[in-house]
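Below is one structure, written out as structure tokens; the observations come after it.
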Amino acid sequence: MRIYPELGIATVAISNDTEFNARTFLNETDVEFFPSEISRQSAE
């Protein structure tokens with residue numbers, strides 16, 4: 002679970018798979034909430 006109080010949202014990943022990597026999943030999906038951050042990182 003990740004909480005983004007400045008955006009008023011939280012993301013939660015629930016899985017029933019021991020090989021599921023929640024950190025990787027959230028890293029890949031949370032970028033949808035930060036499009037300006039991604040474009041800044043791509044420019045660097």
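If you want my numbering, it's the 1-based position in the sequence shown plus 1. The C-beta atom is built at its ideal place from N, Cα and C for all residues, glycine as well.
- Between V32 and T12, the alpha-carbon positions lie close to 11 Å from each other.
- Per DSSP, A11 is one residue of the beta strand (DSSP E) stretching across I10 to T12.
- Relative to the Cα of I15, the nearest Cα in the group E7, G9 and M2 belongs to M2.
- Under DSSP, I4 takes part in a beta bridge, and its partners are A11.
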